[in-house]
Each structure stands twice: as structure tokens, then as C-alpha cells.
Amino acid sequence: MGIGSCSIICLTDSVLLLNRLIFGEKCLIRAYYAAASALLSEDYMFDESDTATASALLSEDYRLAESDTDIVNVPRNWSRIQKGRRKLFPSVSKVLKSLNWMVAREIRFSTAVRMYGFSHSIHAFTVIVDIFALAGMRMEVHALLRDIIGYYKEGNYDAFHLLQTLLDSSQHVVRSVLVFDMLIKVFAANSMLENALDVFVRAKSVGLTPDIFSCNFLLNCLLKANKVEFVRSLFEDLKYSGPPPNCYTYAIMMNFYCKGHFGQDVDIGQATAILEEMERTGENPTVVTYSIYIYGLCKVGCVEFALEFMRSLRCRNQPLNSYSYNAIMHGFCQKGEVHEALELLEEMKSYGIPPDVYSYSILIDMFCKKGDIEKGLDLIEEMGHFNLRPSVVSYSSLFYGLCKSGLVDISLAMFHNLGDTGYGYDHIVYQILINGFCMQGDMHSANKLLEEMISKNLVPDAFNFHNLICGFCKSGLLDRALEVFNIMVSHGVLPCTISCNVIIDGFCKEGHLKKALKLMDKMQDLGIFLNTYTYNAVINMLCKEGNSDRSWEVFPQMLKRNVLPGVVNYSTLMDGFAKQSDFKKALMLYTRMVKFGLLPNTVTYTILVNIFCHRQKMNEAYHLFREMTEKGLTPDMISYTSLIAGFIRTNGMKMAWELFNEMLSNGHMPSVITYTCLIYGCCKLKLMDMANLLVDEMKRSEVTLDVVTYAVLIIGYHRVGNMERVKELFDEMKTSGITQDEFALCWGSFRKLGS
Numbered sequence: 013m014g015i016g017s018c019s020i021i022c023l024t025d026s027v028l029l030l031n032r033l034i035f036g037e038k039c040l041i042r043a044y045y046a047a048a049s050a051l052l053s054e055d056y057m058f059d060e061s062d063t064a065t066a067s068a069l070l071s072e073d074y075r076l077a078e079s080d081t082d083i084v085n086v087p088r089n090w091s092r093i094q095k096g097r098r099k100l101f102p103s104v105s106k107v108l109k110s111l112n113w114m115v116a117r118e119i120r121f122s123t124a125v126r127m128y129g130f131s132h133s134i135h136a137f138t139v140i141v142d143i144f145a146l147a148g149m150r151m152e153v154h155a156l157l158r159d160i161i162g163y164y165k166e167g168n169y170d171a172f173h174l175l176q177t178l179l180d181s182s183q184h185v186v187r188s189v190l191v192f193d194m195l196i197k198v199f200a201a202n203s204m205l206e207n208a209l210d211v212f213v214r215a216k217s218v219g220l221t222p223d224i225f226s227c228n229f230l231l232n233c234l235l236k237a238n239k240v241e242f243v244r245s246l247f248e249d250l251k252y253s254g255p256p257p258n259c260y261t262y263a264i265m266m267n268f269y270c271k272g273h274f275g276q277d278v279d280i281g282q283a284t285a286i287l288e289e290m291e292r293t294g295e296n297p298t299v300v301t302y303s304i305y306i307y308g309l310c311k312v313g314c315v316e317f318a319l320e321f322m323r324s325l326r327c328r329n330q331p332l333n334s335y336s337y338n339a340i341m342h343g344f345c346q347k348g349e350v351h352e353a354l355e356l357l358e359e360m361k362s363y364g365i366p367p368d369v370y371s372y373s374i375l376i377d378m379f380c381k382k383g384d385i386e387k388g389l390d391l392i393e394e395m396g397h398f399n400l401r402p403s404v405v406s407y408s409s410l411f412y413g414l415c416k417s418g419l420v421d422i423s424l425a426m427f428h429n430l431g432d433t434g435y436g437y438d439h440i441v442y443q444i445l446i447n448g449f450c451m452q453g454d455m456h457s458a459n460k461l462l463e464e465m466i467s468k469n470l471v472p473d474a475f476n477f478h479n480l481i482c483g484f485c486k487s488g489l490l491d492r493a494l495e496v497f498n499i500m501v502s503h504g505v506l507p508c509t510i511s512c513n514v515i516i517d518g519f520c521k522e523g524h525l526k527k528a529l530k531l532m533d534k535m536q537d538l539g540i541f542l543n544t545y546t547y548n549a550v551i552n553m554l555c556k557e558g559n560s561d562r563s564w565e566v567f568p569q570m571l572k573r574n575v576l577p578g579v580v581n582y583s584t585l586m587d588g589f590a591k592q593s594d595f596k597k598a599l600m601l602y603t604r605m606v607k608f609g610l611l612p613n614t615v616t617y618t619i620l621v622n623i624f625c626h627r628q629k630m631n632e633a634y635h636l637f638r639e640m641t642e643k644g645l646t647p648d649m650i651s652y653t654s655l656i657a658g659f660i661r662t663n664g665m666k667m668a669w670e671l672f673n674e675m676l677s678n679g680h681m682p683s684v685i686t687y688t689c690l691i692y693g694c695c696k697l698k699l700m701d702m703a704n705l706l707v708d709e710m711k712r713s714e715v716t717l718d719v720v721t722y723a724v725l726i727i728g729y730h731r732v733g734n735m736e737r738v739k740e741l742f743d744e745m746k747t748s749g750i751t752q753d754e755f756a757l758c759w760g761s762f763r764k765l766g767s
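Okay, structure coming up:
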């Protein structure tokens with residue numbers, strides 16, 4: 013028989029030949045040989061067991077059991093088969109005779125399409141798939157299907173039409189089930205989940221049941237892709253029409269309900285129902301299932317119940333591992349009950365369950381956050397007794413605790429020592445140390461660490477840069493902060509609006525308006541969003557310089573850049589006009605703000621109260637004050653002080669006392685200005701005993717008297733002729749460090765006011 017005849021047989025009656033071969037002893041030997049050769053020739057391991065799934069469920073990151081690598085990307089050619097070219101069917105014949113995987117892999121599907129056209133190639137590859145499927149050679153079928161589907165995915169072709177070609181012979185159940193199973197896995201591994209689901213539905217429609225391992229893999233892929241509704245519906249379909257879920261299926265669903273993936277809330281009720289259903293169906297929960305359930309209980313705050321549940325499992329000799337204990341330990345630490353977590357570590361060891369690195373890291377982190385560095389060091393030392401090497405996470409917690417306690421130098425020394433022992437550090441460790449030095453104001457050391465990060469090809473993230481920018485601005489080194497900003501941009505890290513606002517605010521406070529405006533233009537060019545606080549720094553600076561009218565010109569610029577002026581901008585400008593005694597413009601701004609639908613806040617109302625108090629319109633001021641409280645806004649110490657000062661100026665001492673008592677009852681601590689206003693009112697009425705009681709109250713509350721307070725008291729006692737007390741106050745004032753020049757300046761101001 014010639015090669016051409018063999019090709020015709022392959023096309024017309026391949027099933028008959030395959031049935032003869034498949035039950036022959038020689039064929040069985042060839043099948044095992046071919047399977048071995050496939051394992052050696054492929055660059056991946058194909059594992060249909062769910063062992064990998066079980067271990068993956070204990071990690072936040074799932075790893076797919078399959079890979080869609082090794083896909084050839086070549087130009088596509090859907091033209092007709094060219095005459096004179098070598099045909100594929102001799103290769104089909106070789107595969108049929110030998111079941112040799114190396115023969116099947118002589119040509120890739122994409123190469124075959126380019127050389128012989130799509131129609132000829134797909135039919136030839138379908139026959140080869142059938143051959144290996146009937147021989148039960150699962151890995152070979154998987155590899156061939158992966159090659160074909162990879163071609164479709166690379167070319168972005170519709171794979172739904174492919175199924176009809178691959179599944180055109182449903183009478184051979186063994187072959188069909190295997191092809192269905194492999195198609196489900198290959199589609200799922202390539203994130204073609206709709207196609208995988210379509211294969212599952214088609215299998216059911218022709219009376220075939222895919223194996224549970226393929227279904228588990230699909231379920232896990234759907235979970236990773238956040239296909240929540242498909243996850244639920246597939247699980248229900250498995251329960252009611254098969255294949256019946258096994259312990260790994262339930263573990264996947266337990267993970268789905270307990271970990272709250274992709275913003276989904278933890279549904280501990282459904283998780284509990286999973287356990288009950290497993291008992292009904294006779295599926296024994298594994299250690300993985302129990303561990304995930306305990307984790308879910310802790311995540312919803314049922315830590316004590318989780319502990320009781322775990323102890324009941326131990327009493328029933330059910331499997332437990334360190335993951336279960338770690339979840340409960342973490343739950344206790346989240347509640348701040350670190351000593352309960354420590355006791356659980358000892359219980360864990362007493363029952364022969366060895367703690368892992370994560371067990372210790374949980375405790376080290378919590379003790380260090382509470383400032384107990386010594387206990388953190390003890391736990392790291394204890395890890396050595398169990399031959400556990402502390403992780404970078406463990407040391408990060410220790411560095412955080414040391415930096416928080418002001419021991420940044422010790423933290424840095426330990427950091428470098430560990431680096432010499434082979435530890436590789438990430439952004440988080442550098443972030444902790446940089447932030448520690450910034451908090452201490454040691455910007456040189458912080459900047460040195462930044463340079464070290466960059467030299468190690470660790471590009472700092474936005475948070476690292478933000479800490480440095482804030483640190484330099486706080487130290488008054490605005491140009492250095494701007495340098496950090498430029499380094500940030502050069503490394504492709506886009507600064508956030510808050511970081512930019514810190515620099516702009518610093519420039520404005522130092523009076524460098526041009527630099528602030530230049531940076532704002534750069535923000536706009538980089539696509540960084542300018543907000544109301546960006547512009548408020550400029551408005552505030554101009555108002556402090558007495559240029560409130562010029563500040564008003566900033567509003568049109570804001571609108572031009574699609575930034576709508578907010579309450580903070582209106583309030584700042586209102587305050588600027590009020591301090592310039594231009595009350596008319598301040599009130600006009602308030603009217604305009606309300607007209608645009610902006611609701612005034614506590615600051616806005618305080619400014620308005622101040623304006624009416626200065627104009628001695630106390631009825632209007634008091635009405636606004638009450639309106640503020642009626643709208644749910646809480647008056648602060650400044651609001652009360654403004655109103656108290658206004659009533660004292662207009663001889664409303666009774667109302668001033670009522671407001672002072674209300675202020676105390678609402679938990680506001682009076683300032684030196686508040687006390688001075690009341691003392692001034694008492695002195696005006698020559699109630700020196702009451703003024704003296706207020707002074708005693710100030711000292712008890714540790715509120716330091718300032719030069720104005722002393723001036724008010726001296727004037728008051730001078731009026732009543734108590735010169736001895738005047739002398740005592742002068743001596744006390746000198747002892748407190750107030751100079752005679754300061755007093756003279758203050759005295760002159762009171763004389764001008766006619767006090």
C-alpha cells in the first residue's frame with residue numbers, strides 16, 4: 013500500500029484502523045512510550061490531579077495548572093492549498109503506525125497553515141488528535157489542542173467555529189470525553205473562559221460528562237477572572253447534573269466565599285453551608301477546607317468562634333495546620349489582643365504543630381507596632397531555635413518599630429548587616445527607613461537611601477518620594493524638594509497632587525509665587541490634576557500680603573483649567589477681605605458661594621461671625637452661630653472665642669459667660685485668647701476677684717499667660733488702685749520671659765483703644 017492510499021484511508025475510515033490498533037498489545041507499548049516521549053519533549057508538566065489546587069488555595073495568588081506558552085506566532089495564510097507542495101497526510105500515517113509523539117511534533121499548526129492552508133491543516137491535525145485520544149494519551153492531546161487554540165488566540169479568530177470541526181464525531185465516547193476535557197483545560201488556561209464553558213455545555217448536550225478535574229480547573233480560572241455569576245452557576249450545575257463535586261471543588265468554593273475576592277464581601281453563611289453539604293454528600297473536608305473556613309471566620313471578626321471551632325476539630329482528631337492557627341493569631345492581633353495571640357503560639361507548639369515564618373511575623377509585627385521592640389527581637393531569636401530564617405517581612409516590622417521609637421540609626425545598621433548576609437530588600441524596607449529619617453529631620457540620610465535604592469535598580473514608588481518631598485519642605489529645603497520631584501518624573505513615577513501641593517504651599521509661604529506658578533504649569537503639562545488646595549496656597553499667600561483683589565483674579569484661572577472653586581477657596585478669600593476690613597466684598601463672596609450651591613463649613617461661619625462681631629452687630633453674629641449648630645456643624649474654640657470677644661466689646665458679659673460655660677460643656681479647651689477676653693471683661697467691670705479666679709483656672713489648665721493677658725490685668729489693677737498687685741504682676745511677667753519692650757508695645761495699643 014502506498015503513502016497516497018494510506019492518506020485516503022486516514023480521511024475516510026480512520027476509526028476502523030484506530031480500533032484495530034488500540035486494542036493490540038504492541039499499540040499499548042507504543043502508547044506508553046509515546047507518553048514518555050511527550051513528557052521529555054514538552055517544556056511543561058501536565059498535572060491533572062488536584063494536589064496543586066489544594067496547596068494553591070492557601071495562597072492569595074493562584075497559579076494555573078496549565079500554561080499557554082510555546083505558541084508560535086507566524087503570518088496567517090487562508091489561501092487554497094498550493095499544488096506541488098508536500099502534503100500533511102504522510103505524517104498522519106506515521107503517527108497512526110507508531111503513535112510516536114516526536115513524529116506528531118515535526119510541524120507546528122501555524123507552520124502547517126502557512127504551508128498547506130487552513131482547511132487541509134485542521135483536518136490533518138484533527139485526525140492526529142483522534143489517534144492520540146483513542147490511545148488515551150492525554151498529554152499529547154493537550155499539547156496538540158494547545159497548539160491549535162494558540163493559533164486562534166494569536167490571530168484573534170473566533171474559536172467557537174473550531175469546536176464543530178474538533179468535535180464532529182461524538183459516537184466514540186472515550187475519544188470525545190478526552191477531547192472535551194482537554195479543550196476545557198486549554199481554553200481556560202488561555203483565559204478563553206466563554207469557549208471553555210461552551211465546551212462544557214456541548215459535552216452535556218451530547219450526553220457526556222467531563223471529568224471533575226477539568227471542571228475544577230475551569231472553576232478556579234473563573235474565580236481568578238472575577239466571573240462571579242459563572243462560578244456560582246457552574247458549581248450549581250456540577251451539584252445537580254454532574255460530575256459530582258469532590259473535596260477540591262468544595263475547597264475552591266470555600267475559598268470563593270471566605271476570601272472576598274475582587275471586592276466581594278465574605279459570605280460566611282455560604283461557607284458554613286459548604287461544610288454542611290460536604291457532610292451530607294460524604295466528602296470529607298481536607299485541612300485546606302477547614303483552614304480557609306477558619307480564615308473566613310476571622311476575616312468577619314468571629315475570632316473567638318474560630319478558636320472554638322478549631323479546638324473542636326482538634327478534639328475530633330481532624331487535620332489542622334499552621335495556617336489555621338495563623339489566621340486566628342492574626343485575628344487577635346487585629347483586635348489588639350496580642351497576648352492572646354502569643355498564648356495561641358504556645359498552644360500550637362504544645363500540640364506538635366510547628367510554627368512557620370508567618371506565625372512569628374504576625375506577632376513580631378504587632379509587638380513592634382505597639383513599641384515593644386524587645387519582644388520583637390526575642391521572637392526573631394526564637395525563630396532561630398526552630399531553624400526558621402526570618403523573612404524580609406519580619407525584619408520590616410522590626411525596622412518599623414525601631415524607627416517609630418526614634419532608633420533609626422540602629423535600624424539602618426541592622427539593615428546593612430542583613431544585606432551582607434544575602435537578604436534582598438524591597439521598596440517597603442527602604443520606605444520604612446526613609447520615612448524614619450524624614451520624621452527625625454535627617455534629610456541627608458533619607459536622600460542617601462533614595463540614591464542607594466536607585467543604584468540597586470529599585471525605582472522608588474510614589475510614597476517614598478512623597479515622604480522625601482514632605483521632609484525637605486518641612487525643613488525649609490524647597491529647592492531640594494523640587495529636585496526630588498524632578499528625579500521622580502525622570503524615573504517615570506508620576507507625582508500625586510498632594511506631593512505637588514506640599515511644594516507649592518512651601519513656595520507660597522516663603523513668598524516665591526513665580527516658582528509656585530511654574531510648578532503648577534508643569535503639573536498641568538504632566539497631566540497631574542490641580543485641585544482647589546493647589547490654588548488655595550496661592551490665594552492664601554496673596555491675601556496675607558494684602559492683595560485680596562489680586563487673589564480674586566485666580567478664580568477665572570481655576571475655571572479655565574476645569575477646577576471649580578470650592579468652599580476652602582471662598583473662605584480663604586473672605587478671610588482676606590475681612591482682615592482688610594473690606595466686609596462688603598467678604599459678604600458678597602459669601603452670597604456668591606451660596607448661589608453656586610456650596611454649603612458653608614465651620615471656617616466660613618467663623619469668618620462671618622467675626623465680621624459681624626467687628627461691626628458690633630451681635631444679633632446677626634449670634635444668629636449665624638446658632639444656624640451653624642442647627643446645620644449639624646460643630647463650632648470650634650475659635651468660633652466660641654470670636655463670639656465671646658464680640659459680646660465683651662459690646663458689654664454683653666452675661667452672654668459671654670454663658671457661651672464660655674457652653675464651650676466647656678462641649679469639651680472645647682479655652683485658649684489664652686479666650687481667657688484674656690473674659691479677664692478683660694471682668695477688669696472693665698472692676699470684678700478683679702473674678703479676673704483672679706480666671707487666672708488661677710488658666711494656671712491649673714496649664715494655659716500660659718501672654719503679654720496681652722498681663723497688660724489687661726495690670727491695667728485692671730491699676731484702675732482699682734491696687735499698686736502692690738501691679739508690682740507683683742510686673743515681676744511675674746519678667747520671670748516668665750516677657751520683655752519690657754513687648755509690654756510697652758502692648759500697653760501703647762491699649763492706650764490707643766482707650767482701655
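Residue 43 in this note's numbering sits at position 31 of the sequence shown, with consecutive numbering throughout. For every residue, glycine included, the Cβ atom is placed at its ideal position computed from N, Cα and C. Fair warning: this is a prediction, and the values are worked out from it, not measured in the lab.
In this structure, the straight-line span from the alpha carbon of Ser408 to that of Ile444 is close to 8 Å. The alpha carbon of Val719 has as its nearest neighbour, out of Glu744, Glu709, Asp708, the alpha carbon of Glu744. Taking a C-beta distance under 7 Å as the contact criterion, Ile376 and Gly364 do not qualify as a contact pair.
For Gln330, the secondary structure class from DSSP, reduced to helix, strand or coil, is coil.
Counting only runs of 4 or more residues that sit fully inside the segment 244 to 330, the alpha helix (DSSP H) segments are 259 to 271, 280 to 293, 299 to 311, 315 to 327, in chain order. The beta carbon of Thr721 is closer than 6 Å to those of Thr688 in its chain, skipping five residues each way along the sequence.
With 16 or more other CB atoms across the displayed protein chains lying within 10 angstroms of its CB, Thr584 is buried.
Positions of the alpha helix (DSSP H) runs, each at least 4 residues long and wholly inside the segment 453 to 502, are given as 455 to 467, 474 to 486, 490 to 502 in order along the chain.
Following the DSSP letters along the chain, one finds Pro402 in no alpha helix (DSSP H), marked with neither H nor E. Rounded to the nearest whole angstrom, the C-alpha separation of Asp438 and Glu320 is 38 Å.
For Ala493, the number of other beta carbons within 10 angstroms of its own is at least 16, and it is reported as buried. With contact defined as three or more Cβ pairs closer than 8 Å, the segment 311 to 320 and the segment 284 to 292 are not in contact. With a beta-carbon spacing of about 5 Å, Ala528 and Ile516 fall inside the 8 Å limit used to define contacts. In the DSSP annotation of this structure, Phe541 is not part of any alpha helix (DSSP H), being labelled neither H nor E. Contact between the segment 592 to 610 and the segment 638 to 652 is absent: fewer than three C-beta pairs spanning the two stretches fall below 8 Å. In the three-state scheme derived from DSSP, where H, G and I count as helix and E and B as strand, Gly448 is classed as helix. Rounded to whole angstroms, the Cβ separation of Ile623 and Phe595 is 5 Å, and the two are in contact under 8 Å. One thing to note: Leu671 has its Cβ within 7 Å of the Cβ of Ile656. In this structure, Gln346 is the residue among Glu291, Tyr302, Gln346 with its C-alpha nearest to the C-alpha of Gly313. Ile446 sits away from Asn399, with the two beta carbons spaced by 7 Å or more.
Residue state for Tyr169 is assigned as coil, using DSSP reduced to three classes.
Between Val213 and Ile196, the gap from beta carbon to beta carbon reaches 7 Å or more.
In the three-state DSSP reduction, Phe398 falls in the coil class, being neither helix nor strand. Around the beta carbon of Cys327, a 10 Å sphere encloses fewer than 16 other beta carbons of the protein chains shown; the residue is thus reported as exposed. For Gly518, the enclosing alpha helix (DSSP H) stretches over residues 509 to 521. Nearest in C-alpha terms to Lys382, of all of Lys361, Met570, Val350, Leu356, is Val350.
Judged by pairs of C-beta atoms under 8 Å, the segment 706 to 714 does not touch the segment 730 to 748, as fewer than three such pairs exist.
In the same chain as His342, and ignoring 5 residues on each side of it, the C-beta atoms closer than 7 Å to its own belong to Cys310, Ile374, in chain order. Sequence-distant Cβ neighbours of Ala215 in its own chain, meaning closer than 6 Å and more than five residues away, are Phe192, Pro222. Under the rule that a run must span 4 or more residues, the alpha helix (DSSP H) segments found entirely inside the segment 615 to 682 read 630 to 642, 649 to 661, 665 to 677. Distance from Ser334 to Ser371 at the Cβ level is roughly 6 Å; contact confirmed, criterion being Cβ atoms closer than 8 Å.
Your pair Cys450 and Gly413 does not check out as a contact, with CB atoms roughly 17 Å apart and the cut at 8 Å. Looking from the CA of Val243, the closest CA among Phe344, Leu209, Asp454, Asn613 belongs to Leu209. Rounded to the nearest whole angstrom, the C-alpha separation of Thr686 and Lys530 is 42 Å.
Annotation for Tyr163: Phe121, Ser122 place their beta carbon closer than 6 Å to its own, counting only its chain and skipping 5 residues before and after. Pairing Thr293 with Lys236, the inter-Cα distance amounts to about 27 Å.
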